[in-house]
Structures are given as C-alpha cells and as structure tokens.
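Enquirer: Could you have a look at this structure, given as structure tokens, before my questions?
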Amino acid sequence: MSCKICFKSVRSGQNKVACGVCSALVHTTCAGLNTNDVKIMTENNRIWRCTDCNLERSKSMSDVTPVSNDSSLSLVDVISLLKGMREDQKKMEIDLGNSLEACHADLFIYEKNDKELGGEKVQCQENRENS
Ligand SMILES: [Zn+2]
Ligand SMILES: [Zn+2]
1 MSCKICFKSV
11 RSGQNKVACG
21 VCSALVHTTC
31 AGLNTNDVKI
41 MTENNRIWRC
51 TDCNLERSKS
61 MSDVTPVSND
71 SSLSLVDVIS
81 LLKGMREDQK
91 KMEIDLGNSL
101 EACHADLFIY
111 EKNDKELGGE
121 KVQCQENREN
131 S
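Heads up: the sequence shown begins at 1 in this note's numbering, then just goes up one per residue.
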C-alpha cells in the first residue's frame, strides 16, 4: 500500500491514517496531522478523510448547509476548518488594515481639499469685498 499523497510506500512502523471513505492510506505527516491529532481522532472514533474525499464532501455540503452548522463534522474537519479560519482571519486582518489605511488616506485628502477649497472661498470673498 502506498501513501495517497507522496506515493511512497507506507511501512508498518510509520504513522499513517486511512481515509474513512475510500480507505486510502496516507502518512500522518503527509496528511498534515501530528501525533496528538491522531490520538484525539482515535480516542473519539473519528474518521479521517483524504483530500479528495474531503473535497467531494465540502462540495456537496456547501450548497446545503453552512459548514459550521454541520454536527457531523469530524475532528479533522474541525481542525482543518480552524486552520483555514485562522488563515482567513490573518488575511482579513491584513485586508482590514489595508482598507483602513486607504480610508485614512482618503479622509486626509478630503480634509486637505476642504481646507484648500475653503481657503479659496475666503480669498474670493475677500477679493470681492476689496474691489
Ligand atoms: Zn506520504
Ligand atoms: Zn478518501
């Protein structure tokens, strides 16, 4: 049996997980799992899904219910979800930071324009009064 991800053979001494759907074998390291993940998974009788089966699953799920409301989520799903969320959050923070900066920059320009326009207005009035 060879690992579905790296295609190298899975030896008996190596940490491995079997996909609960297609029963493909994958090295835990290739699956991005640490020994603790595997331990928790085994203790809770959770099945692990390979990327292909996960994709199939999320594809069929995404149309029906939001992922967070799915009570049948396996631990690995939750872990990968959390990992994804953390990355999303990071991305969002960066986006937010960028847009805030853009906002400030815009505000600054508006303020500057206002002042400049205001200054011109005052000048115009002064000129009118003088003439
Ligand atoms: Zn592998
Ligand atoms: Zn599978």
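For each residue, glycine too, the CB sits at the ideal point set by N, CA and C. Note that this is a predicted model, so its numbers are computed, not measured.
If you drop the 5 nearest sequence neighbours on each side, which residues of the same chain put their C-beta closer than 6 Å to that of Ala31?
Expert: So the list reads Val17, once near-sequence residues are dropped.
Enquirer: Any idea which residues DSSP pairs Ser9 with across the strands?
Expert: According to DSSP, Ser9 bridges with Ser2.
Enquirer: Any heavy atom of ligand 2 within a distance shorter than 7 Å of the CB on Ala31?
Expert: No, since every heavy atom of ligand 2 falls outside the 7 Å radius drawn around the Cβ of Ala31.
Enquirer: Look up Cys53 in the DSSP assignment and say whether it is helix, strand or coil.
Expert: Cys53 falls in the helix class under three-state DSSP.
Enquirer: In the DSSP assignment, what residue or residues form a beta bridge with Cys19?
Expert: For Cys19, which the question treats as bridged, DSSP gives the partners Trp48.
Enquirer: So, do the stretch 30-44 and the stretch 52-61 have three or more beta carbon pairs nearer to each other than 8 Å?
Expert: With the cut-off at 8 Å, the stretch 30-44 and the stretch 52-61 do not touch.
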